[in-house]
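Colleague:
Number of protein chains: 4
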Amino acid sequence: MTDYPTSIGTASATSISLLGHDLAGELMGQVSFGELAFWLVALRRPEPGELRVFEAVLVALADHGFTPSAIAARLTLTGAPESVQGALAAGLLGGGSRYLGVTEDCGKFLSAALAQAGGRPSDEAGWDELAAQAIRAQRAAGRLVPGLGHPVHKDGDPRTPVMYAIAAEAGCLGPHLTLFAAIGRVHPAILGRTLPLNGAGVCGAALADLGFSPDMLRGFALLARTAGLLGHLAEEMRNPAGNEIYRQVDEAVVYQPPAS
Amino acid sequence: MTDYPTSIGTASATSISLLGHDLAGELMGQVSFGELAFWLVALRRPEPGELRVFEAVLVALADHGFTPSAIAARLTLTGAPESVQGALAAGLLGGGSRYLGVTEDCGKFLSAALAQAGGRPSDEAGWDELAAQAIRAQRAAGRLVPGLGHPVHKDGDPRTPVMYAIAAEAGCLGPHLTLFAAIGRVHPAILGRTLPLNGAGVCGAALADLGFSPDMLRGFALLARTAGLLGHLAEEMRNPAGNEIYRQVDEAVVYQPPAS
Amino acid sequence: MTDYPTSIGTASATSISLLGHDLAGELMGQVSFGELAFWLVALRRPEPGELRVFEAVLVALADHGFTPSAIAARLTLTGAPESVQGALAAGLLGGGSRYLGVTEDCGKFLSAALAQAGGRPSDEAGWDELAAQAIRAQRAAGRLVPGLGHPVHKDGDPRTPVMYAIAAEAGCLGPHLTLFAAIGRVHPAILGRTLPLNGAGVCGAALADLGFSPDMLRGFALLARTAGLLGHLAEEMRNPAGNEIYRQVDEAVVYQPPAS
Amino acid sequence: MTDYPTSIGTASATSISLLGHDLAGELMGQVSFGELAFWLVALRRPEPGELRVFEAVLVALADHGFTPSAIAARLTLTGAPESVQGALAAGLLGGGSRYLGVTEDCGKFLSAALAQAGGRPSDEAGWDELAAQAIRAQRAAGRLVPGLGHPVHKDGDPRTPVMYAIAAEAGCLGPHLTLFAAIGRVHPAILGRTLPLNGAGVCGAALADLGFSPDMLRGFALLARTAGLLGHLAEEMRNPAGNEIYRQVDEAVVYQPPAS
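Chains as they are written, first to last, in the numbering used here: chain A, 1 to 260; chain B, 1 to 260; chain C, 1 to 260; chain D, 1 to 260.
1. Apart from the five residues on each side of it in sequence, which residues of its chain come closer than 8 Å, Cβ to Cβ, to PHE109/A?
2. Here's the rule I'm using: 16 or more other beta-carbon atoms within 10 Å means buried, otherwise exposed. How should HIS3/D be labelled?
3. Who are the neighbours of GLN30/C on chain B, taking C-beta pairs under 7 Å?
4. Using a Cβ-Cβ cut-off of 8 Å, state whether ARG98/D counts as contacting chain B.
5. Just the chain C side, please: which residues come within less than 8 Å of ASP155/D by C-beta, in chain order?
6. Starting from the C-beta of THR194/B, find all residues in its chain whose C-beta is less than 8 Å away, skip the five residues before and the five after it, and write them out in chain order.
7. From which residue to which residue does the beta strand (DSSP E) around THR6/B run?
8. Mapping the DSSP letters down to three states, classify GLY9/C as helix, strand or coil.
9. Specify whether the region 217 to 231 of chain D and the region 32 to 41 of chain C touch according to this definition: at least 3 beta carbon pairs, one from each stretch, less than 8 Å apart.
10. Check whether the Cβ atoms of LEU77/B and GLU235/B lie closer than 8 Å to each other.
11. Any beta-carbon of chain D closer than 8 Å to the one on GLU82/B?
12. Just how far apart, CA to CA, sit GLU104/C and ASP157/C?
13. To the nearest angstrom, report how far apart ILE166/A and LEU75/D are at their CA atoms.
14. What residue ranges within the region 51 to 127 of chain A form continuous alpha helix (DSSP H) runs of no fewer than 4 residues, ordered along the chain?
15. Suppose contacts are defined by Cβ-Cβ distances below 8 Å. Is ALA205/A in contact with LEU177/A by that definition?
16. Helix, strand or coil, according to DSSP, for LEU144/A in the structure here?
17. Go ahead and label SER15/D buried or exposed: buried means 16 or more other beta carbons lie within 10 angstroms of its beta carbon, across all protein chains shown.
18. With 16 other CB atoms within 10 Å as the buried threshold, where does VAL152/D fall?
19. List, in chain order, every chain A residue whose beta-carbon is nearer than 8 Å to that of PRO240/C.
20. Which one or two residues does DSSP pair with HIS232/B in a beta bridge?
21. Check the Cβ of ILE166/D against every Cβ in chain C and list those closer than 9 Å, keeping chain order.
22. Under 8 Å between the Cβ atoms of SER17/C and GLU55/D?
23. Give a yes or no on whether the C-beta atoms belonging to VAL57/D and PHE220/D are separated by under 8 Å.
24. Thinking C-alpha only, which one of GLN248/D, PRO214/D and VAL249/D is nearest ALA42/D?
25. Please list the partners that ASP3/C has in chain B, where partner means a Cβ-to-Cβ separation under 8 Å.
26. Just verifying my parser: in three-state terms, what is the DSSP assignment at LEU130/B?
27. Can you list the residues of chain C that PRO121/A reaches, using a CB-CB cut of under 7 Å?
28. Nearest-angstrom Cα distance between PRO196/D and PRO161/D?
29. Determine the contact status of THR6/A and GLN30/D, defining contact as a CB-CB distance below 8 Å.
30. List the DSSP bridge partners of ILE16/C.
31. Please say whether LEU179/A and VAL53/A have beta carbons closer to each other than 8 Å?
32. Could you tell me the boundaries of the alpha helix (DSSP H) in which VAL249/B lies?
33. Compare the C-alpha of LEU23/C against each of GLY199/D, GLN248/D, GLU124/D and GLY95/D and name the closest.
34. Would GLY94/D and ALA89/B qualify as a contact pair, given that the criterion is a beta-carbon distance under 8 Å?
35. Report buried or exposed for ASP123/A, applying the criterion of at least 16 other Cβ atoms within 10 angstroms of its Cβ.
36. Against chain D, does SER213/A count as a neighbour if the rule is that its beta carbon must be under 8 Å from one of theirs?
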């Protein structure tokens, strides 16, 4: 007999249960939306310090201006103004390996390095050694180190030190953030240049330290971006840019018919 | 010369501005994700009471079990496990007129009735009269009254009284919630039966009282549902149901080839 | 007992049936893809003339350059190059009421006018009278006549006469195309200016004459556009424009922080 | 100065060009939709034999019953019946690495093996040797051989011999199909059991032999599936199954609240 176990929610004629609690009586008005999002994925309620780190991550990742994803959402609303869900979905679909992937990639990279190390280093020199090994292995595989470098914030991503301060204050400086900091210290000697630890990367490290599976990190980046995209769509409704973006791009197109 | 004005955010080499504030220095760790979502759409920071109502709405709408939308997200992850954004987008695409539409429809219905009334009634009898007119006009147009009735919570949706209590305590009981309550009082005499004010409807009324345009109400329902869908996708990653759902449905298919 | 009747297809260990035929033995190599698409929706095999009209419609609607939808697909591929399905879906999501809606709206408009007329006119004067009534009713309702006018092809959409010629030759000039032609004749006297019958509109009329429900017309426009979007995505893979479009748009953004 | 070269199409006030040809005068009514799709991606018109193979591939891949993708599309239409594009997009989003990936994976696998081989074998023994090397390398890397095996068609996929016959007749039996056939001959001795060459795999080999880049193979599987999904959506409009699928699944859900 087929059945599908779920730990999320259920409803009867008189009550709605969410995560084992009464939605109306125990959650509404008592739990923030960020807290609920953490809980829905982790299946445990965050500690106050964990929640502060988690909400800071969502705030840090919510928007970054007229990104390809935000532009795609606006253009989609232009063509289908009756379907907010379609425009939002189109924006989220751009949140893939290249655009929102750093958070996930960085979490996975740190997590794999920690798994391979077995135990945790006991001092800063030990962390630096682990970081150096991880960077060298990544380079030997012909890959970039995720979370290092930023096209705009070349001298330092302002989100990074703030995230470390919040995590430290909240008692959430775990092995992923610690290893990521060590990468920040040791990479110049290995790579021959100093790159900033970027905001997407530090968010991945922070989420991994909260105990989330690397496979869910992109999901949280998407949740954060949903709020940013709603901001763009509301702005597009008030003051449409989509048609003008279309016109501007279309004007720059040069037709080069194929040979055959 | 084309330019696109935006009030959302911008970035320079050393700072990231969001909503006119320094993202790292003024928002991260100091603003909840729910607060930021309100702010991004409204372009103003919510008062504490408004924020409490807003987060309660998001919590109320986050999940409702194995809905068509949650099942579609899980099935999509089954086929494309590498693309969390695709599974999330598929789930959100089911958030249309029928499934997440009540929140928006109810906000629009109340908003239109208030716009047509011109001034606000001065007492409960006045609100009841306005409610009765709105119901009668809706019925005359052959349409249902949005926010009335629920397939499961036939004797009362548990979210509704809680939302009223939160809004009252927060000083956010505005005209939309007031009119919706009046609809609850007067509809039995007009329709000949008593229906509950449902949770999706009361959320629409509450969001409209927070000053949001009816066109954005579906957007907030989608934001809320994003958290719920991440919960389903995390559960699907831990304990896959998609293949079994597919098998169960497929087994029940009966082939009836067309005549020609 | 739940079961789901389907007329599309089924499979056993040794055969695959599609539309009541053996896929491998009777369809592959013997039916064109366009023919199969018609058949899958109509549940009947098209006559050769019908197929010729149908394929001409799909060809006519396949592409129209760097549309908002094509740009959104390219930008989505930029962010998520590993997910062709996501980029394609993003492009299709812009195919809504405004962008691909004319085909559907025109089919629905003509279909409603014919339904209201009851019988079919017996001569051109009768068709002109029916067309005039339909235009006047549409204007009285404050709506535009779908299929009339084009932002670029102001003196005539080149697709329209070709579609009429193909339909006439194929014996598929039914009531929808006939009424649409009458609208072309009578609208100048009513509207006070001469507008072209556009290509999207004539395609809607042609599909309606093939017997398709108006609710499926947008679906065929989307099928046609899928081929066009694949062309854009293949071009984007060979010669990426997405990052440059992003840079161009981003450069034109002017930040106007909100007051509060 | 930004400009975006395109070889797809352009339009002036009096004409529409597609692929360097006049859309109305040279393509509508003269080119099938399948032919246009080939041309849009390849930027060259297919030979008649190539077109026959190509359309056979699209026909072979168009549908496979109530797949996760078809069920997701139907459920999405249930929630958002006003948005055919959303339901179609949701269905396509399930066309990822697991569900529609075999066509692409097989094309890539064969293509990589041929690239590594350098020259082409001159006789069947040479092809068998190349096939054996490719299978052994794949196994050594811990991966399955794409295109081998089928959960239902255990004794042979009926599409495979038909595709070979069509390709042979059309003069399109290129190196990918030839190598794939060799894999069919040599794998039992290496793997210790006989598996069928499946239909998705043979379609990938056939498309690769038509000269398409492996990165576009998933795109054609999606195009084919678009027609199948329209069939499902049309059936869902005529005879809805979505609500019943939802009810059936929901009934089988067992609530297991989390510990904390």
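Yeah, the Cβ is synthetic: ideal placement off N, Cα and C, and Gly gets one too.
Modeller: From the atom records:
1. These residues qualify, in order along the chain: ALA134, GLN138, VAL145, PRO146 and GLY147.
2. Inspection of the sequence shows that residue 3/D is occupied by Asp rather than by His. A residue is called buried when at least 16 other Cβ atoms come within 10 angstroms of its Cβ; ASP3/D does not meet this threshold and is exposed.
3. Listed along chain B is no residue with a C-beta nearer than 7 Å to that of GLN30/C; the closest approach is about 16 Å.
4. Taking CB atoms only, ARG98/D has a neighbour in chain B less than 8 Å away.
5. Here the neighbours are ALA13 and THR14.
6. Closer than 8 Å at Cβ, skipping near neighbours: HIS187 and PRO188.
7. Looking at the DSSP string, the run of the beta strand (DSSP E) that includes THR6/B is 4 to 6.
8. It is a strand residue.
9. Result yes; three or more Cβ-Cβ pairs closer than 8 Å.
10. No, the Cβ-Cβ distance between LEU77/B and GLU235/B is not below 8 Å.
11. Interface residue, yes.
12. Distance between GLU104/C and ASP157/C, taken at the CA atoms: about 18 Å.
13. Between the alpha carbons of ILE166/A and LEU75/D lies a gap of roughly 42 Å.
14. With a minimum length of 4 residues, the continuous alpha helix (DSSP H) runs that stay inside the region 51 to 127 of chain A are 68 to 79, 84 to 93 and 101 to 117.
15. The answer is yes: Cβ separation under 8 Å.
16. Three-state DSSP puts LEU144/A in coil, outside helix and strand.
17. The residue in question, SER15/D, is exposed, as its Cβ has fewer than 16 Cβ neighbours within 10 Å.
18. So VAL152/D counts as exposed.
19. Chain A residues near PRO240/C: none, gap ~11 Å exceeds 8 Å.
20. For HIS232/B, which the question treats as bridged, DSSP gives no partner whatsoever.
21. The answer, in chain order, is MET28 and GLY29.
22. Taking 8 Å as the cut-off, the Cβ atoms of SER17/C and GLU55/D do not count as close.
23. The answer is yes: Cβ separation under 8 Å.
24. Of GLN248/D, PRO214/D and VAL249/D, the residue nearest in Cα terms is PRO214/D.
25. Close to ASP3/C, with beta-carbon spacing below 8 Å, are these residues of chain B in chain order: ALA252, VAL253 and VAL254.
26. Looking at LEU130/B - three-state DSSP - the assignment turns out to be helix.
27. Per Cβ cutoff of 7 Å: no residues; PRO121/A is ~34 Å from chain C at best.
28. Those two C-alpha atoms are separated by around 11 Å.
29. It is not a contact, given that the beta carbons lie outside the stated cut-off.
30. For ILE16/C, which the question treats as bridged, DSSP gives the partners ALA11/C.
31. With respect to LEU179/A, VAL53/A sits apart: the two C-beta atoms are not nearer than 8 Å.
32. From DSSP, the alpha helix (DSSP H) with VAL249/B extends over 242 to 251.
33. The residue from GLY199/D, GLN248/D, GLU124/D and GLY95/D with its alpha-carbon nearest to that of LEU23/C is GLY199/D.
34. In this structure, ALA89/B does not lie closer than 8 Å to GLY94/D by Cβ.
35. With fewer than 16 other Cβ atoms within 10 Å, it is exposed.
36. No - not a single Cβ of chain D is within 8 Å of the one on SER213/A.
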